[in-house]
Amino acid sequence: MATATLTIDLDAIAANWRALDRLSAPGTQTAAVVKADAYGLGIDRVAPALARAGARRFFTAVAEEGARLRQILGPGPQIGILGGHMAGDTEMIHDLDLTPMLNSVQQVTRHLESLPGHPFGIQLDTGMNRLGLEDPEWRAIAPIVLEAGPDFLMSHLACADEPDHPMNAAQLAQFHRMTDGTGIPRSFAATGGILLGPDYHFDLTRPGIGLYGGQPFAEAHPTVTLSLPVIQTRAVAAGETVGYANSWTADRPTTVATLSAGYADGLPRTLSNKVHLWDGDTPVPLIGRVSMDLITADIGHLPEVPRSLDILGPHQGVDDLATIAGTIGYEILTSLGPRYARRYVTRQGGQA
Numbered sequence: 127m128a129t130a131t132l133t134i135d136l137d138a139i140a141a142n143w144r145a146l147d148r149l150s151a152p153g154t155q156t157a158a159v160v161k162a163d164a165y166g167l168g169i170d171r172v173a174p175a176l177a178r179a180g181a182r183r184f185f186t187a188v189a190e191e192g193a194r195l196r197q198i199l200g201p202g203p204q205i206g207i208l209g210g211h212m213a214g215d216t217e218m219i220h221d222l223d224l225t226p227m228l229n230s231v232q233q234v235t236r237h238l239e240s241l242p243g244h245p246f247g248i249q250l251d252t253g254m255n256r257l258g259l260e261d262p263e264w265r266a267i268a269p270i271v272l273e274a275g276p277d278f279l280m281s282h283l284a285c286a287d288e289p290d291h292p293m294n295a296a297q298l299a300q301f302h303r304m305t306d307g308t309g310i311p312r313s314f315a316a317t318g319g320i321l322l323g324p325d326y327h328f329d330l331t332r333p334g335i336g337l338y339g340g341q342p343f344a345e346a347h348p349t350v351t352l353s354l355p356v357i358q359t360r361a362v363a364a365g366e367t368v369g370y371a372n373s374w375t376a377d378r379p380t381t382v383a384t385l386s387a388g389y390a391d392g393l394p395r396t397l398s399n400k401v402h403l404w405d406g407d408t409p410v411p412l413i414g415r416v417s418m419d420l421i422t423a424d425i426g427h428l429p430e431v432p433r434s435l436d437i438l439g440p441h442q443g444v445d446d447l448a449t450i451a452g453t454i455g456y457e458i459l460t461s462l463g464p465r466y467a468r469r470y471v472t473r474q475g476g477q478a
């Protein structure tokens with residue numbers, strides 16, 4: 127088979143949620159962020175696993191993702207829409223019982239006028255300058271909003287993955303200034319915020335990347351293995367070149383394997399001539415450029431031709447690969463392409 131296999135450990139994802147739930151302060155509820163198709167791993171399989179683990183609140187980026195999630199989970203769990211109540215979303219929000227996080231005066235007006243009494247949250251800008259009501263806007267409309275009874279008030283940390291960054295304390299202080307005395311539940315911390323400690327936890331935490339094995343949650347269980355099939359091999363003489371632009375030259379006779387995956391599948395071109403794949407415990411260098419559908423590896427030191435090589439697994443996690451590529455684990459995960467055959471397993475070794 128020429129299709130690479132992405133193996134996703136649902137038990138590991140559930141275990142990561144439970145670990146972050148334990149790290150959240152007593153009395154704090156722990157949600158699960160499953161936007162971008164559960165960070166590329168498949169919301170239709172990941173979300174039910176998180177619900178079985180105990181998650182009762184979920185977040186997606188846009189209403190369309192929330193609609194899909196409602197179809198998957200059915201009635202009951204709260205589904206928050208981080209992008210808020212956009213024009214054209216009203217019927218979907220109402221019919222599927224979605225909870226938008228209102229980010230602007232315009233969204234507040236749209237929601238309260240079109241869906242009076244329907245649940246909503248409020249997102250406040252505490253310094254990230256991305257989404258949310260700024261302090262003067264919030265103070266101007268807070269009486270109207272508080273009378274309408276938001277489910278909770280939230281904000282988002284800009285530098286939570288850097289524990290000593292002064293922005294964390296500055297945003298925390300601003301969040302207190304904007305929300306103290308409202309009597310409304312509050313949410314401030316995603317994965318990095320949970321790790322900053324209970325001062326950041328409030329009433330609801332919202333882990334995302336930590337569920338899927340990524341930094342800054344260093345104790346996370348790895349959740350993915352990506353195995354790329356070898357589809358052809360060839361003997362290469364010393365002095366011959368491999369791939370586009372002749373970017374790799376053999377310094378000895380060797381064997382080159384061509385594997386089925388490339389930048390169309392989410393392997394960045396910046397990995398060219400830089401990264402290793404793995405045959406069990408043996409590293410195998412990627413040689414030449416990453417092309418659209420294919421990569422090549424020097425397997426001359428292996429005792430036999432492998433059927434596949436792992437580029438993600440126990441020896442090289444998502445953040446390891448991201449560091450080599452000059453990006454972040456979030457981008458690696460969410461770029462894992464649709465051509466991969468996704469295989470879902472439990473820790474006991476069975477397929478889910």
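Numbers in the numbering used here are just positions in the sequence shown, counted from 1, shifted up by 126. From the three backbone atoms N, C-alpha and C, an ideal C-beta is built for every residue, glycine too.
DSSP lists no bridge partner for P342.
CA-CA distance, I248 to L228, rounds to 5 Å.
Using a 10 angstroms sphere on the CB of N255, the tally of other CB atoms stays under 16, which defines it as exposed.
Residues of the same chain with a CB within less than 8 Å of the CB of Q233, apart from the 5 flanking positions on each side, are G210, H211, M212 and P226 in chain order. Excluding residues up to 5 positions away in sequence, H211, L228 and F246 lie with their Cβ nearer than 6 Å to the Cβ of H237 in the same chain.
The shortest C-alpha to C-alpha distance from T154 to any of A130, I134 and D329 is the one to D329. When DSSP states are grouped into helix, strand and coil, F184 belongs to the strand group. By the neighbour-count definition (other C-beta atoms within 10 Å, threshold 16), K400 is an exposed residue. Per DSSP, A467 is one residue of the beta strand (DSSP E) stretching across A467 to V471. Its Cα nearest to that of A274, the residue I310 stands out among I310, A175 and E217.
Minimum Cα-Cα distance from A162 among the listed residues R360, A140, G463 and T422 corresponds to G463. With a threshold of 16 other beta carbon atoms within 10 Å, M418 falls short and is exposed. Pairing D306 with F278, the inter-Cα distance amounts to about 12 Å. In the assembly as shown, H282 is a buried residue. Its beta-carbon has 16 or more other beta-carbons within 10 Å. The beta strand (DSSP E) runs lying completely inside the segment 392-466 and spanning 3 residues or more are 402-405, 408-413, 420-424 and 434-438, given in chain order. Distance from the CA atom of H402 to the CA atom of R395, rounded to whole angstroms, is 14 Å. DSSP lists L330 as the beta-bridge partner residues of Q155. An exposed status is given to N372, since fewer than 16 other beta-carbon atoms sit within 10 Å of its beta-carbon. Non-local beta-carbon contacts of V431 in its own chain, meaning distances under 6 Å to residues more than five positions away in sequence, involve T359 in chain order.
Contact between the segment 287-302 and the segment 138-153 is absent: fewer than three C-beta pairs spanning the two stretches fall below 8 Å. Ranked by Cα distance from D446, the options L322, A361, G339 and D405 are led by G339. Q197 is classed as exposed because its beta carbon has fewer than 16 other beta carbons within 10 Å across all chains shown.
Residue state for L222 is assigned as coil, using DSSP reduced to three classes. Pairwise C-beta distances place the segment 336-355 in contact with the segment 164-176, as three or more of them are shorter than 8 Å. For I248, the uninterrupted beta strand (DSSP E) segment begins and ends at G247 to Q249.
In this structure, L136 lies away from T351, with their beta-carbon atoms at least 8 Å apart. With respect to I139, V172 sits close: the two C-beta atoms are nearer than 8 Å. Remark: fewer than three beta-carbon pairs, one from each stretch, lie closer than 8 Å, so the segment 371-388 and the segment 320-327 are not flagged as touching.
DSSP lists V368 as the bridge partner or partners of W374. CA-CA distance, R144 to G180, rounds to 8 Å. For G318, the enclosing alpha helix (DSSP H) covers residues T317 to L322.
Excluding residues up to 5 positions away in sequence, F278, L279, M280, F301, T305, F328, D329 and L330 lie with their Cβ nearer than 8 Å to the Cβ of R312 in the same chain. Under DSSP, V356 shares a beta bridge with L385. Around the beta carbon of Y470, 16 or more other beta carbons lie within 10 angstroms, which makes this residue buried.
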